[in-house]
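Numbering (the working numbering), first residue to last: 2 to 506. Positions of the beta carbon are idealized from the N, C-alpha and C atoms, including for glycine.
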Ligand code: MCA
Ligand code: AMP
């Protein structure tokens, strides 16, 4: 029997009394206890009729039990589909139906709203609350603490992670066991993880950064995590002296720099600060080094590819660069029109190939073909250049995407909601600089002739259909949208016009 991801990440730790999770209340979850619970949950999944390759959709708050559900899915051969806790029922319905999930796990608070979604999709529904209670754990508790691991190969799917698209329809990125495992092993080695490490974990566990990068790397090394429900800067400052590594989005680092107690002495026991998911300003990199003596290690990845590049652990960590291709990963910069490789130092689209690159989009062969070339190179949609020392610099995006506090927001999805509102002729959603979140959302609206749209009613409509982090922080009405000769909306002009909306120059 083999299941490479389970065997290497989890199976190798069965019975170990060392801590995997250290919780805010001081309690500890050992590897043995965690894996026992995961096995019990795997029994519940199997008894619930889930078979190898079936999908389980989970919209649950971060907790040890929520993480154990990920391990349970891997052990039971079930494809794990984690969902942002901010998603509304409308958003969830799409993910459940598109993925054909056979089981949904949600907070009891959402049970009623999701029961009709589950019924329509023919999925069963279990609950798992932030405190670990719920029908899933109730059923698990009476199960054996060992489970016969379901056989899977490196090529089989381990997870389905939805990423929004430029058309407004989210795409399920199919990640195989091999994708996740090779990346975790590479990162653990590159970043010198050992069983002595204590990772300060304050990221959500429904995205690649918190679930795969942080967690899988910890598991590969047999290390432990201080496992916090969310990022709270005071709590992080309190816990830094007990930790060796922090992984975060740039907002973590700007908030830490704003904290008066965060200084060189406090960070003296840390060995590594990693940043990713959004651009880290060179200014933040420099200020951080001045304050703490540590150079943040910036890396670059995507849901579809896990991690592609990293600044070196030993060697020059360059501000404003996402570093060098990871071992086994190829990165090239190409002409967006012809696809031809461009010479060094020329800006073009970034393409990547390697064992980290996903298997394609779930049931979307055309979208897969448009972004994943036959020769295995994935077109990231990011623009950049490779400098004379081989370091990659991300310099823009060839896709209409806003990244706010590390969360991706696709304008099209919001524009579709705005356009459907009474009195709205058309709209354009843009990202503008925001000190805390990097970028934030503005909705620019053109009214129907003779109408004055009710902006409060429009915001209310946005609130019912879209997750909070996608909501425009401001709606503005303009007489018309700037267009080029091809009639395409020139968002760069709008971005220029509203660039100081949150931070007046
Ligand atoms: C929370 N809010 C947000 C965001 N987060 N609004 C816009 N953008 C956000 N990122 C909402 C809250 O619901 C709240 O609404 C209001 O904004 C203020 O929240 P605040 O308390 O300031 O925020 P927070 O709860 O402290 O969260 C900020 C955060 C969080 C810590 C930066 O967003 C976060 O953990 N981000 C990490 C995202 C992540 O893991 N990305 C990785 C994706 P109200 O005021 O109405 O209550 S994986 C990826 O990108 C690739 C693969 C990669 O390379 O890693
Ligand atoms: P996601 O779809 O959530 O996986 O987000 C992936 C996108 O985040 C990439 O295509 C980049 O645009 C962006 N990203 C991730 N890491 C970095 C980074 N270190 N610097 C700049 N952008 C990044």
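Set against 7 Å, the gap from the CB of residue 280 to the closest heavy atom of the ligand AMP is smaller. Within the chosen limit of 7 Å, the ligand AMP reaches the beta carbon of residue 382 through at least one heavy atom. Per DSSP, reduced to three states, the secondary structure at residue 334 is strand. When the five nearest sequence neighbours on each side are left out, the beta carbons in the same chain lying within less than 8 Å of the beta carbon of residue 206 are those of 63, 67, 68, 71, 83, 212 and 216, in order along the chain. Under the three-state reduction of DSSP, residue 491 is assigned to coil, being neither helix nor strand. For residue 179, the uninterrupted alpha helix (DSSP H) segment begins and ends at 178 to 191. Close CB contacts of residue 260 within its chain, under the 6 Å cut and outside five residues either way in sequence, are with 234 and 238 (chain order). Taking a cut-off of 8 Å for Cβ pairs, the stretch 425 to 444 and the stretch 459 to 473 touch, as three or more such pairs fall below it.
Listed in chain order, the beta strand (DSSP E) runs fully inside the stretch 133 to 167 are 158 to 164, counting runs of at least 3 residues. When only Cα atoms are considered, residue 252 and residue 408 end up about 11 Å apart.
Around the beta carbon of residue 147, fewer than 16 other beta carbons lie within 10 angstroms, which makes this residue exposed. The straight-line gap separating the alpha-carbon atoms of residue 338 and residue 330 is approximately 23 Å. Here residue 474 carries a coil assignment [DSSP, helix/strand/coil].
Residue 404 places its beta carbon less than 8 Å from that of residue 279. Residue nearest to residue 158 within the set 368, 125, 188 and 182 is 182 (criterion: CA-CA distance). Under the 10 Å beta carbon count, residue 322 is surrounded by 16 or more other beta carbons and is classified as buried. Straight-line measurement puts the Cα of residue 204 at about 22 Å from the Cα of residue 134. Uninterrupted alpha helix (DSSP H) stretches at least 4 residues long and entirely within the stretch 30 to 65 occur at 32 to 48, given in chain order.
For residue 386, the three-state secondary structure derived from DSSP is strand. Of 415, 381 and 106, the smallest CA-CA separation from residue 399 is found for 381. Assignment of beta-bridge partners to residue 349 by DSSP yields 385. Here residue 115 really is in contact with residue 90; their C-beta atoms are around 7 Å apart, less than 8 Å. Taken through DSSP and simplified to helix, strand or coil, residue 296 comes out as coil. In the three-state scheme derived from DSSP, where H, G and I count as helix and E and B as strand, residue 431 is classed as strand. Taking 8 Å as the cut-off, the beta carbon of residue 153 is found no closer than this to the beta carbon of residue 191. In the three-state reduction of the DSSP assignment, residue 408 falls in the strand class. Contact between residue 310 and residue 359 does not hold, since their C-beta atoms are separated by about 17 Å, which reaches or exceeds 8 Å. One thing to note: residue 437 has its Cβ no nearer than 8 Å to the Cβ of residue 428.
The Cβ atoms of residue 188 and residue 214 lie closer than 8 Å to each other. Contact between the stretch 47 to 58 and the stretch 25 to 33 is absent: fewer than 3 CB-CB pairs across the two stretches fall below 8 Å. In terms of CA proximity to residue 76, 13 leads the group 368, 456, 386 and 13. Only buried fits residue 4, as 16 or more other CB atoms lie within 10 angstroms of its CB. Taking 8 Å as the cut-off, the Cβ atoms of residue 274 and residue 258 do not count as close. Cβ atoms of residue 433 and residue 496 come within 8 Å of each other, at about 6 Å. Counting only residues of its own chain and dropping the five nearest sequence neighbours on each side, residue 165 has a CB closer than 7 Å to the CB of 171, 409, 411 and 414.
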